[in-house]
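*Asks:* If you read the sequence shown in the UniProt record's numbering, its first letter stands for residue 1, the second for the next number, and so on. Just so it is clear, CB atoms sit at the ideal spot from N, CA and C, and this is done for glycine as well. Keep in mind that this is a model prediction, so the values were computed, not measured. A single structure is presented below for examination.
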Amino acid sequence: MESPTADPDTQAEVDLMILDYLLCMAIDQVLDSGNGKVEDDTSWSLDTINTIKTALLPSDTLSKDMQIKTQILELAQLFSDGNGKTERSRGLATELSQEDQRRSPITRSGKSTPQPYQPHESDKLPAHDTRVVAVDRSYNALVRFVTLCGTARDNLPDGHADIAAKLITEAALNEYHTAGVKAPGRYRECIERVTACLREASDPYAEQVNLAYLSTLLPSIDLASAESEGSGQKSPRGDTITRSVHRFLTDLMKTLDPPILIQLERGKLGGLSREETQQLKDRIGL
């Protein structure tokens, strides 16, 4: 007589297949909305993804492929704010990323989410401006982008270093414009502060990879050159960065394995032939 409950290993594999499918579906929805296409509500997908990850799956079952997809979703969500996304949706995506970081092999130290950078007394911004670079949205985007590049270092599409350099420049410009002091050389200090914060935020297990990656970046340290590309929250520069990130994430997704459920829908699974795939589908009742 068959057991009324599934084998635990089988159940875990099914949960992973469902999670993989939902991740890819949510990423596609968020990227489409960022490109101006009609969007569906992603709240259901994000809620379900979070439930599966936190309640059903053991902490060591996520493959590198799925860790990358989770980070892609979080970054895509962050860059889609302002295109109709709610704070709640972004919070869910961030929660997914933080949970993924706790489970990732490169964050075994258990280091928590990077804390805001606290400048030395002589470097503090004026009292009327309490913002610091580590809590700035552009800095958060930079940290998550570099983290994703470290995780997906074997799959990176072209252009990743240029995007990271632009994000460093954007974060430095944001800090420069919120500071009350516009002394000569202040922008260079902002660049140095951003990169220092980025190094400080690196997990010890990922630090070597991230620092090696940071050494390849060449952000502009000339204020006039940086500002000529645009400044402000809704600048052409910001729009260009968003488009570049969306294109990068789309290209990165193409290097990853499609969900098994989608492979079955297409009639060809992994290294199996179409005939073998059909035999498998017949055997499991699909």
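Out of Leu280, Ile27 and Val194, which has the shortest C-alpha to C-alpha gap to Leu142?
*Replies:* Val194
*Asks:* Do you know whose CA, among Ile241, Ala201 and Arg153, lies nearest Thr169's CA?
*Replies:* Ile241
*Asks:* If you drop the 5 nearest sequence neighbours on each side, which residues of the same chain put their C-beta closer than 6 Å to that of Cys190?
*Replies:* Ala172, Glu175 and Tyr176
*Asks:* Looking at the structure shown, is Thr195 part of a helix, part of a strand, or coil, going by DSSP?
*Replies:* In the structure shown, the three-state DSSP call for Thr195 is helix.
*Asks:* Please state whether DSSP places Leu173 in a helix, a strand or coil.
*Replies:* helix
*Asks:* Rounded to whole angstroms, what is the Cα-Cα separation between Asn155 and Leu261?
*Replies:* 22 Å
*Asks:* Flag this pair as yes or no: are the beta carbons of Leu78 and Val146 separated by less than 8 Å?
*Replies:* no
*Asks:* What is the residue span of the alpha helix (DSSP H) that Arg144 lies within?
*Replies:* Arg137 to Thr151
*Asks:* What do you get for Pro8, buried or exposed, if any count of 16 or more other CB atoms within 10 angstroms of its CB means buried?
*Replies:* exposed
*Asks:* Of the choices Pro259, Gly270 and Thr277, whose alpha-carbon is the least far from that of Asp15?
*Replies:* Measuring C-alpha to C-alpha distances from Asp15 to each of Pro259, Gly270 and Thr277 identifies Pro259 as the nearest.
*Asks:* Would you kindly report the start and end of the unbroken alpha helix (DSSP H) that includes Ser80?
*Replies:* Lys64 to Ser80
*Asks:* Considering just the uninterrupted stretch of the alpha helix (DSSP H) at Leu156, what are its terminal residues?
*Replies:* No alpha helix (DSSP H) contains Leu156, which DSSP labels as neither H nor E.
*Asks:* Around the Cβ of Ala55, are there at least 16 other Cβ atoms within 10 angstroms (buried) or fewer (exposed)?
*Replies:* Classification of Ala55: exposed, given that the 10 Å Cβ count is below 16.
*Asks:* On the criterion of 16 or more Cβ atoms from any shown chain inside 10 Å, does Lys69 qualify as buried, or is it exposed?
*Replies:* It counts as buried.
*Asks:* Compare the Cα-Cα distances from Phe248 to each of Leu22, Asn140, Ala196 and Ala152 and report the closest residue.
*Replies:* Ala152
*Asks:* Evaluate Arg283 with the Cβ neighbour count: other Cβ atoms within 10 Å of its Cβ, from every protein chain shown; 16 or more gives buried, anything less gives exposed.
*Replies:* exposed
*Asks:* Assuming Leu62 and Leu23 make a contact with CB atoms under 8 Å, what is their CB distance in whole Å?
*Replies:* That belief does not hold up - the Cβ atoms of Leu62 and Leu23 are roughly 10 Å apart, past 8 Å.
*Asks:* In angstroms, rounded to a whole number, what distance separates the CA positions of Asp100 and Ala164?
*Replies:* Its pLDDT being 48, under 50, Asp100 is placed unreliably by the model, and the measurement read from it follows with that caveat. A straight line joining the alpha-carbon of Asp100 with that of Ala164 spans about 22 Å.
*Asks:* Roughly how many angstroms separate the alpha carbons of Ala134 and Gln29, rounded to a whole number?
*Replies:* Low per-residue confidence applies at Ala134: pLDDT is 38, beneath 50, and the placement is therefore not dependable enough to give any value.
*Asks:* Check this for me: beta carbons of Met66 and Leu19, under 8 Å apart or not?
*Replies:* yes
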